[in-house]
Amino acid sequence: MKAIPQPGASSAPSEPVASILLVDDHRPNLLALEAVLDPLRQRLVTAQSGEEALERLAREEFALILMDVKMRGIDGFETAARVRGLDQARHTPIIFISGLPEDEDRLYRGYAQGAVDYVVKPFNPDILRAKVAVFVELHRRAEQIKRQEAALRQLEREASDEVFRRIMDTSMMGLLFSDYEGRVLEANDAFLSMLGYTREDLKAGVLAWQQLSPPEYEHVHHAAIQELSTQGVTRQFEKEYIRKDGTRVAVLVGSARVEKQRRNLTYVLDISERKRAEANVSLLASAGEILSSSLDFRETLAQLARLVVPVLADWCAVDIQAQDGAIQRVAVLHTDPRKVELVQQIEERYPVDPGAPRGVPNVLRTGETEWTPEITDAVLVAIARDEEHLRMARELGLRSAVVVPLAARGRVLGAMTLVQAESGRRYTKADVQFAEELARRAALSVENALLFEREVTVRKEVETLAEELKHSEAQFRLLAETMPQLVWTNRPDGHHEYFNQRWYDYTGMSPEETAGEGWSRMLHPEEHERAIETWRQALRTGEPYESQCRLRRADGTYRWFIGRAVAARDGSGRIVRWFGTYTDIDDQKRAEEERQRLVQALERSNKELDQFAYVTSHDLKAPLRGIANLSQWIEEDLNDKMTDESRKQLDLLRGRVHRLENLIDGILSYSRAGRIREKAEAIDVGRLLREMVELLAPPPETRVEIAPDMPVIVTERTPLQQTFLNLISNALKHAGRADPEVRIGVRDAGSYWEFSVSDNGSGIAPEYHDRIWGIFQTLKARDKVEGTGIGLSVVQKIVQSKGARAWVESALGAGATFRFTWPKIEAREPSSPG
């Protein structure tokens, strides 16, 4: 058992410590788990068998069980089944750990035994620690509730009216006094905030139990009044209250009667987060049972939608992508059936555009979750196709949405859309992560069902072919000899019966050498045992055989093949023959390896490029600075002998040196633009612009106007700063008049902000609008306007790296407006430099 350090002396109560039971019959595995979970600072208890685990569970309670599936004695599944028979451990969460990722039946069996998750070895320590931390947090909240309840009971017994009043004003738990008729007389801020009321509402006397309690809890309310009348206190019980906005909150309630004052004291604890967490755990367990109950994925997905609504969403839709790319809706459910009809009307009138930049089509294309924490009217306006479409969308009352991909084995099979509407709830990051986990499990079920359907189709085709080939063996041989694969058949007992000529040509073996199990000598030693065991398993179960392995060619080299076989059965279901093929996949394997090698080489090349650019810029600048300093010294030493022409030439020399230094800096900036990433942060764009204008220090006669409604964006600071700096510098540089003006504006462009930098300069002819974005491109001689021709190229490269665009609007003599868009939400987390 892992020792927990004693907390230091402190007046604040210590956080509850969760007990976690680790079950594995291998001591090294237990030590590894203890090392992974040690940073959580919880109590770790170990058991080296299922029997020992059951003994510990009978004596004490645990917040979580991590259990290996394969153990001596009773295995993990049997142990889990017995755990569910213990009253004190019936609801204890179980995470199974297994080293057999390809065994899907074992996965579903685990969920059927009540597992909340399934971790496959070798596991990622950070992921395992994060999953365990969720259940530790649930345990901590439950313990805090227990402590608060105990503290309140103690206060009810011991506190004086003055002390209680002070506690009532400062407590984070809802506390209130009501008269015997149910009117709320006094309440603390925690209670009012919990239900969305103000102190003015309380003073107006609008709060009463009849208003706050939903009708279905009327019997609970009457039972509590009866208990107060006879016992003077009530036992704590769970119910819901109606908030001022009509939504509901789950609460834990208890009351005590104050006879002298003829009123009741009630404490109210918000347990909505706990209820949601419990519901999520229960939902995952129920989803596991549903998804493993049938291979008809359309029916299971419809059941899953019924399970999700209204626990996780007010309405849920599930779409599947057909092989031809068409999007098929297989399930849609809403808490209000009339809204389902409205959704169907919208889909009939405005069919889904497969190329749409957002929604289900975008998720199917990218495989990335699309999360809209709050669906504002501006979002509806952006996606509506016309006024009628906008009206119907508004009628749905959408508040928050998340679309998660149904992805399995690297392939996106469909998407699940979850929407909050009438409930008024908003999806959080934790909700999105839970939805992704639910979708991952659903996708696995869909993938297995599709594989089963394909296998059933293949099996039926093979069975039909086998039946026909009973009457025409020569026809089968002709077909087998013309196929590009290595074709073979075996008897029902698995012994070799036939190989086509391609087998003998490839292996160089004779029929005599292939007989019996001689063919297995062609298997690579590293895959030999696994391939043979997989084949024997297929013989035992009659299930289709599939294995990837390397086969030796006649010249001694090995190539990768995928072997498949199905059993042909007669009318009674008896296996009469096995038909199999080996298909050469060596080129695909090598192509994947080459792709990985090129990716790694590109990463190394990027790092070398950064180092080269830094060193080169440093080495090039050093002599330039020497030339500038030398010219300054010459001018100082020959001051009285210098002619005006000489001074002009030295000034020209220093100007060229300065220009070359700027060119080197520009090239370095261009090489790094859009590639070096930093951590995103909240940036006040208005404040950033004011700081840059101060940094540029334009002449007094210059007017720089910044729009007052600049947003706050969560993004990388340096790219945005560099983009604005280049555009403002460009506007100031090309003003070309005595009263230059620069105006910086912004507008909402849906999922992007569109910024603009305008000037009152000489403008740019339309035929040069594309040319100016090229590197080293300038429209005026560098002797007239100082510049490197790189700034706008850097802007274009940065903006494009954000998935956005930049363009110019201008005409000769009418000034120029440079515009660019910037995403409101970053497409991905910034990576480390290099």
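Numbering (the numbering used here), first residue to last: 1 to 834. Ideal placement from N, C-alpha and C gives every residue a C-beta, glycine not left out.
Is DSSP giving residue i helix, strand or coil here?
i: Leu185; result: strand
i: Tyr752; result: strand
i: Phe820; result: strand
i: Glu829; result: Here Glu829 scores only 44 on pLDDT, less than 50, and its place in the model is too uncertain to base an answer on.
i: Arg837; result: The structure shown has nothing for residue 837, since the chain only spans 1 to 834.
i: Ser400; result: strand
i: Gly580; result: strand
i: Tyr768; result: helix
i: Tyr267; result: strand
i: Leu779; result: The pLDDT assigned to Leu779 is 49, lower than 50, so where the model puts this residue is not dependable; a value taken from the coordinates is nonetheless given after this. Reduced to three states, the DSSP call for Leu779 is coil.
i: Gln48; result: coil
i: Tyr504; result: helix
i: Val251; result: strand
i: Ser572; result: coil
i: Ala814; result: coil
i: Ile585; result: coil
i: Thr643; result: coil
i: Ser19; result: strand
i: Ser793; result: helix
Among the candidates the options, whose CA atom is the shortest distance from the CA of residue i?
i: Ala765; options: Pro511, Ser810, Val794, Ala804; result: Ser810
i: Asp319; options: Val330, Leu312, Gln501; result: Val330
i: Thr581; options: Tyr427, Arg109, Asn500; result: Asn500
i: Val363; options: Arg394, Leu398, Thr417; result: Thr417
i: Gly813; options: Ala806, His734, Gln800, Glu754; result: His734
i: Gln42; options: Leu64, Leu54, Ser49; result: Leu64
i: Gln877; options: Ser229, Ala81, Val253, Asp201; result: This structure cannot settle anything about residue 877, because the visible part of the chain is limited to 1 through 834.
i: Ser98; options: His91, Thr92, Arg109; result: Arg109
i: Arg574; options: Glu512, Arg491, Thr557; result: Arg491
i: Val249; options: Tyr241, Glu594, Gln485; result: Tyr241
i: Asp386; options: Lys244, Ile346, Arg569, Tyr768; result: Ile346
i: Val685; options: Tyr118, Ser193, Thr718; result: Thr718
i: Tyr752; options: Lys146, Gln548, Thr715; result: Thr715
i: Ala382; options: Gly359, Glu368, Val402, Arg365; result: Gly359
i: Arg536; options: Ala806, Phe561, His495, Arg502; result: His495
i: Met172; options: Val757, Ile127, Tyr267, Leu696; result: Tyr267
i: Val233; options: Arg298, Glu543, Arg140, Ser255; result: Ser255
Taking all protein chains shown into account, do 16 or more other C-beta atoms lie within 10 angstroms of the C-beta of residue i, making it buried, or fewer, making it exposed?
i: Ser572; result: exposed
i: Asn841; result: No information on residue 841 is available, as it lies outside the stretch 1 to 834 that the chain covers here.
i: Glu645; result: exposed
i: Ser520; result: exposed
i: His222; result: exposed
i: Arg376; result: Sequence inspection shows Thr at residue 376; the Arg mentioned does not correspond to that position. Result: exposed.
i: Val136; result: buried
i: Tyr768; result: exposed
i: Lys679; result: exposed
i: Pro93; result: buried
i: Asp38; result: exposed
i: Val308; result: buried
i: Trp578; result: buried
i: Trp633; result: exposed
i: Ala115; result: buried
i: Pro525; result: exposed
Beta carbon of residue i: closer than 6 Å to some heavy atom of the ligand HEM?
i: Asp377; result: Among the components of this structure there are no ligands whatsoever, and the ligand HEM is therefore not found.
Taking CB distances under 7 Å as the criterion, tell me whether residue i reaches chain C.
i: Gly205; result: Of the protein chains in this structure there is only one, and it is not chain C.
Problem - Every unbroken beta strand (DSSP E) within the segment 507-564, with a cutoff of 3 residues, ordered by chain - result: Here the runs fully enclosed are 545-552.
Problem - Length at least 3, wholly inside the segment 55-125: the beta strand (DSSP E) runs in chain order - result: The beta strand (DSSP E) runs lying completely inside the segment 55-125 and spanning 3 residues or more are 64-68, 94-98, 117-120, given in chain order.
Handout entry: At least 3 beta-carbon pairs within less than 8 Å: the segment 408-415 vs the segment 437-452
Key = Contact between the segment 408-415 and the segment 437-452 is present, because at least three Cβ pairs lie under 8 Å.
Exercise for the section: Taking only runs that begin and end inside the segment 320-388, name each unbroken alpha helix (DSSP H) of 4 or more residues, in chain order. Expected result: Those alpha helix (DSSP H) runs which fall completely within the segment 320-388 and span 4+ residues are 337-349, 360-366, 377-383.
Handout entry: Ranges of the beta strand (DSSP E) found wholly within the segment 199-245, counting only runs of at least 3
Key = Whole beta strand (DSSP E) segments, 3+ residues: 237-242.
Exercise for the section: Could you tell me whether the segment 394-401 touches the segment 455-465, where touching means 3 or more Cβ pairs closer than 8 Å? Expected result: With the rule of 3 Cβ pairs closer than 8 Å, the segment 394-401 does not count as touching the segment 455-465.
Exercise for the section: Please confirm if the segment 493-513 is in contact with the segment 546-565, defined as three or more CB-CB distances below 8 Å between the two stretches. Expected result: Flag = yes, the segment 493-513 and the segment 546-565 touch.
Practice task
Count the C-beta pairs between the segment 178-185 and the segment 202-218 that are closer than 8 Å, then say yes if the count reaches three, no if not.
Solution key: Contact holds: three or more Cβ-Cβ distances are below 8 Å.
Handout entry: the segment 420-437 / the segment 364-384 touching (three or more Cβ pairs under 8 Å)
Key = The segment 420-437, when compared against the segment 364-384, does touch it at the 8 Å Cβ threshold.
Problem - Contiguous beta strand (DSSP E) assignments of at least 3 residues, all confined to the segment 687-719 - result: For the segment 687-719, whole beta strand (DSSP E) runs of length 3 or above, ordered along the chain, are 703-706, 712-715.
Problem - Validate contact between the segment 269-276 and the segment 288-301 using beta carbons, cut 8 Å, 3 pairs - result: Per the Cβ contact rule, the segment 269-276 is not in contact with the segment 288-301 (fewer than 3 Cβ pairs under 8 Å).
Handout entry: alpha helix (DSSP H) runs wholly inside the segment 277-316, at least 4 long, in chain order
Key = Counting only unbroken stretches of 4 or more residues, the alpha helix (DSSP H) elements lying wholly within the segment 277-316 are 297-308, in sequence order.
Practice task
Would you list, in sequence order, the uninterrupted alpha helix (DSSP H) runs of no fewer than 4 residues that lie entirely inside the segment 387-459?
Solution key: Secondary structure in the segment 387-459: the alpha helix (DSSP H) runs of 4 residues or longer, each lying completely within the stretch, are 387-396 in chain order.
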